[in-house]
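Enquirer: Protein chains in written order, with our numbering: chain A, 1 to 112; chain B, 113 to 224.
Ideal placement from N, C-alpha and C gives every residue a C-beta, glycine not left out.
The structure displayed is predicted, hence computed values, not measured ones.
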């Protein structure tokens, strides 16, 4: 799988609020599917499907314990997302710089 | 539209290599749909569909020129992506720190 296909899977996996919420929960520590299902008020098949999508994008890894297979967050695909976004930093930074400049100009004219 | 729905649209729009390629092209400057279609060897309906998805996620804006309506990159949704990823920075940083430590340990043992 090349980087392009990886980013497709990662962004696709992140495009659902439940999957982002699962990642936020796992940032606090590993959890079993049952532990994940409870706070989200989701059926086990529904949560299992989301977990498979996240696992397929390498955003989570599963433990080897045959009965519980706890889920853990894997930060590397998120680092890839940050790296992808970072190449456009000059574009949003430039916009924020212009906004800062506008605020300074507005303050200056208020002080006149 | 709240932040959660926005992130759904943004991540969904980014989950296709052609759409990420369009953004990379627009980072060089605004372009019409025709100008975008040429290098990607894509039909106008296909590229128009991708542009609508990007526009719907506010990743691009369209000019007012009735005939050409040039597309321009909007950095703010990408800043939102960077901000989302950044909340997990401690997780991937910790992993890279561990890798650095492993490399130092390996070097030390080679020097013995």
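For residue 30 (chain A), which option in A:92, A:69 and A:10 has the closest C-alpha, if you only look at C-alpha atoms?
Expert: A:69
Enquirer: Would you mind giving the Cβ-Cβ distance between residue 148 (chain B) and residue 137 (chain B), rounded to the nearest angstrom? I have them listed as a contact below 8 Å.
Expert: 6 Å
Enquirer: Measure the C-alpha to C-alpha separation of residue 46 (chain A) and residue 165 (chain B) and round it to an integer number of angstroms.
Expert: Cα-Cα distance, rounded: 26 Å.
Enquirer: Which one or two residues does DSSP pair with residue 185 (chain B) in a beta bridge?
Expert: Partner(s): B:172.
Enquirer: My output table needs one value for residue 143 (chain B): the three-state DSSP class, helix, strand or coil.
Expert: Under the three-state reduction of DSSP output, residue 143 (chain B) falls in the strand class.
Enquirer: Using 10 angstroms around the beta-carbon of residue 103 (chain A), count the other beta-carbons present and answer buried if the total reaches 16, otherwise exposed.
Expert: exposed
Enquirer: Taking C-alpha atoms, which residue in B:123, B:150, B:169 and B:179 lies nearest to residue 185 (chain B)?
Expert: Of B:123, B:150, B:169 and B:179, the smallest CA-CA separation from residue 185 (chain B) is found for B:169.
Enquirer: If you run the structure through DSSP and keep just helix, strand and coil, what is residue 3 (chain A)?
Expert: Residue state for residue 3 (chain A) is assigned as helix, using DSSP reduced to three classes.
Enquirer: Does the Cβ-Cβ distance between residue 171 (chain B) and residue 127 (chain B) come in under 7 Å?
Expert: no
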